[in-house]
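Data block below; observations after.
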Amino acid sequence: MSLQWSRCAALSNASRSILRCTNLPSSSSLWISRISSRTCVSAATEPKGARKRYQSTVFLPTTDFQAHVKPILQGELDNHVSIEGDLHGFYNWQLENREGKERFVFLDGPPYANGPAHVGHAINKILKDFVVKSRSVALGQPVVYQPGWDCHGLPIELKITKSTKGETPLRIRELAREVAESSIGIQMGAFKRWGVSADWANPYRTMDPGYVANQLEVFASLHDKGYVYRSYKPVYWSPSSKSALAESELEYNDKHKSIAVYYRYPFINLTLDSIGLSHLKTTKTAHIYALIWTTTPWTLPLNSCICYSDSARYVLVESKTSKGNPIRDLYIVAEALLPDIQKTMGHEFEVLAVLDNKMFEDKFYRNCMYNEVAMPLLPGKHVTTKVGTGLVHTSYAHGFDDYQIGVSRGDQVECFVDEDGRYTRQMGYNLEGKDVFTQGSKAVIEMFKKNVVFQHKYEHSYPYDWRTKKPVIIRSCAQWFIDVSDIGKRSADLIREKIKISSGSSDQSASLISQLTNRPAWCISRQRVWGVPIPAVSVGSADDQRMSTSLIRRLAELVASKNSTDVWWTEPLESILTEEIRRDLGIKPGDKLAKGNDVMDVWLDSGCAWKTTPSNSISDVVSEGVDQFRGWFQSLMLTSLAVRDEAPYKRVNVHGFSVDDKGKKMSKSLGNVIDPEVITDGSLNQKPLGANGLRLWVALYGSEGVGDVKLGKTVLEDLARRMNQIRISFRFLLGALHRYDAIDRKPVPYQQRPILDQYILNEVKGQLLRTRENYEVYKFRAVANDFIQFLQNPLSSVYINCVRNRLYCDRWGSTAHQSAQDTIDLVGRSLAASIAPILPHLAVEYYMNHPVRRGDPKDALRTSLEQILAEYDEYEMSPEVKKQVDIALRLKAKASAETVGKVDISKKNVEITVVAEDFEVLRAIHSDMWDSDLIEILGVSGAELFVGETESVKIVDASRAFCHRCRKHTRRHEDPEICERCRKSC
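One point on numbering: in my numbering, the residue at position 975 of the sequence shown is 1108, and numbering is uninterrupted.
Listed below in structure tokens is the structure:
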């Protein structure tokens, strides 16, 4: 559709039609009101036929570029632009045409291949595309960016096993692979739709044989260096997944509800006499108890000891409500926690004595399950007086600190909770088979209610399996681990020294450092089928599992040579085990052998992604969500540093996650989930914003900061307004180039251009330099905001508002008119280049509609900022012109303040008083009171200059008559209908 503003003799009507065709809300109209605020002369005052006589002599901008794309055509337009601009061929082009420059390596953190793309993917992938395109388009660097996908893991396997119960591991793996393949195809299609550039023909996928073989080689190196070991100790266990989990696979539910109990364990050898408190004795028998508090009452029958703090102060207390009881119940608790205990229970305790902590030494209490078994009290550094009673119920098999206490004593650690989270048969008839969270907790409380002093509901933060969204337990079992205690500390030191971790301007390094330094071991084994196998062989019994570097490397060779990741399941053990491996594993003739059934943690999968970079080079940057502080940022660093003794990345950029307008997390149950397809292609309730709108959302709302990235009705309305503003500006710039391909292509020299043109080119150059600087430091929000603000001011409010009269009314092809078109051409191409990394579709569409550049719209992404800036080498504003512009703009602001929008200043004269020094400056650009650079900037009919002690601007009636062509009071009264300038331009 051709854009042709109404050809009316009244220039103001022509200007107004710009505003009428936009259909913008009033707030957006204000942005261009300075462009379209001309007041029309009544048609009754027009000489007969004047309209027709002059309407064809006025230059009216014309372009096919649409300010408002019809909703039904948005997707078609994006696709057409993508093809014309060769967005998908851009990646290979920029590698081939940036030879000789150092390559920028950008490692992709793989999204999970499970389901369609969502707004989280949009934030992540589009942000990465900003990096790719800004480095290539804006900074002229060749970028290596191979997209990846994380393919293994529980969600896919659960999806498969729901309908394939009892299937063989090979069948489950086959079906899981199909799910991953399908998801990758769907997600890749969405990423391309958004204009993301990457090596789509060669992605890395963690399920491919080449990747798995490399991962096994990394694992072999880790084992060879002594980092890999097997141990029986507590891990986070997910009964819903039936697998061990790493800390990174947890999410914490702040609204978890537990049944908490105050439970008493009776002392065996601690009496009032034994602790020197015989004076407290009465005629009643006194029983002394250790009072504990726990939110996991199911662990009470699994108690191993009670821990106390050497630094806490303990007291002996008696409930004031039990005075009439025949037996005295006395409790030992930490003095600092007594107020909390009283508040929770709702009654007071009397403090009978302050105790010496040494009295706990060699003291024992009765086991709740076995009355005849004595359990010890032990000092524990983990015991605090922040919550509970100051005496901590400890179970070696179900707590990390608990386990360390047992190991330090050389005690045996046994677990009587199975992989389903149920008590085993060793727990007896009343508990066997009961789920510890539900039936088990209730059964325990009922069994031991005699010593349950108080129970209550307790809401607190509790770890959940991030995939199944079900609570986990801490459970001891035999698992494979990587010792990361030393690597973690080395990683933290490396980050402190030379790796920048940030989001925008905020330093985020502390978040990763704290994760790395507080992680002694990494549990890498998972009791699943869909994953990379952990090559281990059980010898004699399932408890004796053995591993060797030679075995791991043998499996890596088989995966590569057979081009199959299933060889651990398809090849018989006899063909896998060579004589060397048998020696390394200590296998003797006749030993009963079996393959291990565990697979590797998916974070170990993706953590080996550094092997995919060219020559295993260090990535210049990685960019992921804030959740990867406990995931990929760690696994990548730990494996790289352990295996090759160097970091995998030089910089980490972090981003946040999407929430709705009210800051609520998006969820299907709340009905506030917004699909990225709704943003790009629209819905019944939402107009499409195209790929540009989605990318602008990421730039403005999600590219700097780790906070919430808002998305909702209010945000979408804001994006629509901003896109309208951008497209209206680009429409004018393109319309102003109408017939530009027909003029002499030699640009008007900079120094010969009106100072308004010199001014805007100087401003654009500054904008380009700021843009380049912001791209260098990944400040994409700053780029987008600067771009939008520049369109508003100075481009629209100053330049377009001032140049329109010359553009419309000076003779087409004249030096003044060509200067305007030359300037607008360079301004438009500069703005397109500056925003191309963020809005590539817009940049390409600009070129597609450019009268000279439309022959090859691919250039929109193939013209670097350096090339554009090179065109400004000879465009240097002199100090004299800069001073002239500064004074003129200052006077313009005063004139605008004088009228406050109530008077059409274009039909008025101004009387300007300035100091003598400024008077001399302005005289150079104001030799004619009716036609000068100063008048163009001020936007008035005429201006008179006076010298005075203070500066002032006075609006006065024009002394000349109205020109029926340029719509200003510049016609001498004796001239018919139009002014002298217009006569020369007709």
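A virtual CB, placed ideally from N, CA and C, is assigned to each residue, including glycine.
### Environment of residue 1066 [buried if 16+ CB atoms lie within 10 Å]
buried
### Message
What does DSSP give as the partner residue(s) for residue 483 in the beta ladder?
### Response
451
### Query
Whole beta strand (DSSP E) runs in the segment 219-253 with 3 or more residues, listed along the chain?
none
### Query
Do the segment 602-610 and the segment 369-383 meet, that is, are 3 or more Cβ pairs less than 8 Å apart?
yes
### Query
DSSP three-state call for residue 492: helix, strand or coil?
helix
### Query
Quick one, which of 762, 675, 672 and 237 has its alpha-carbon nearest residue 268's?
237
### Message
By alpha-carbon positions, which one of 868, 871, 822 and 836 ends up nearest to residue 851?
### Response
822
### Message
Suppose contacts are defined by Cβ-Cβ distances below 8 Å. Is residue 464 in contact with residue 450 by that definition?
### Response
yes
### Query
In the DSSP assignment, what are the bridge partners of residue 1119?
In the DSSP output, where bridge partners are listed per residue, residue 1119 has none listed.
### Query
Quick one: what's residue 666 bridged to in DSSP?
732
### Query
What did DSSP end up calling residue 890 once you bin it into helix, strand or coil?
helix
### Query
What is the DSSP secondary structure of residue 1074, counted as helix, strand or coil?
coil
### Query
Could you give the uninterrupted runs of the alpha helix (DSSP H) lying entirely in the segment 639-706, keeping only those of 4 residues or more?
642-650, 682-695 and 700-703
### Query
Using CA coordinates, which residue listed in 525, 452 and 434 is at the minimum distance from residue 506?
434
### Query
Does the segment 456-473 come close enough to the segment 538-547 that 3 or more CB-CB pairs lie under 8 Å?
no
### Query
When DSSP builds the beta bridges, which residues end up paired with residue 777?
Note: residue 777 sits in no beta bridge, so no partner.
### Message
So, with DSSP's three-state summary, where would you put residue 1079?
### Response
strand
### Proximity winner among 693, 288 and 657, relative to residue 356 (alpha-carbon distances)
657
### Task
Compute the distance between the beta-carbons of residue 394 and residue 256, then report whether it is under 8 Å.
no
### Task
Indicate whether residue 1070 and residue 935 have their beta-carbon atoms separated by less than 8 Å.
yes
### Query
Is residue 154 helix, strand or coil by DSSP?
Since pLDDT at residue 154 reaches only 33, below the 50 mark, its modelled position is unreliable, and the value read off the structure follows with that caveat. Reduced to three states, the DSSP call for residue 154 is coil.
### Message
According to DSSP, residue 605 sits in a beta bridge with which residue or residues?
### Response
DSSP output for residue 605 lists no bridge partner at all.
### Message
My output table needs one value for residue 946: the three-state DSSP class, helix, strand or coil.
### Response
coil
### Message
Cutting at 7 Å between CB atoms, please list the residues of its own chain near residue 417, excluding the five before and the five after it.
### Response
459, 460 and 461
### Query
With respect to the alpha helix (DSSP H) encompassing residue 587, which residues constitute its N-terminal and C-terminal limits?
Residue 587 -> not in any alpha helix (DSSP H); beta strand (DSSP E) instead, spanning 585-598.
### Query
Based on the DSSP output, what are the partners of residue 1044 in its beta bridges?
1077 and 1087
### Local Cβ density within 10 Å of residue 338, reported as buried at 16 or more and exposed below that
buried
### Message
Counting only C-beta atoms, is residue 842 closer than 8 Å to chain D at any point?
### Response
Of the protein chains in this structure there is only one, and it is not chain D.
### Message
Could you compute how far the alpha carbon of residue 1048 sits from the alpha carbon of residue 928?
### Response
29 Å
#### Entry: Nearest-angstrom beta carbon gap, residue 959 and residue 95 [assumed within contact, 8 Å]
Nothing can be reported for residue 95, as the shown portion of the chain is limited to 134 through 1119.
### Query
Start and end of the alpha helix (DSSP H) containing residue 757?
No alpha helix (DSSP H) holds residue 757; the beta strand (DSSP E) holding it covers 755-758.
### Task
Return the CA-CA distance between residue 768 and residue 728, expressed in angstroms with no decimal places.
26 Å
### Message
Quick test of the definition: if touching needs 3 or more C-beta pairs under 8 Å, does the segment 326-337 touch the segment 670-681?
### Response
no
### Query
Heavy atom of the ligand SAH less than 7 Å from the Cβ of residue 564, yes or no?
In the structure shown, the ligand SAH is absent, as is every other ligand, since no ligand is present at all.
### Query
DSSP beta-bridge partners for residue 499?
507
#### Entry: Among 876, 882 and 792, the one whose alpha carbon lies nearest that of residue 841
792
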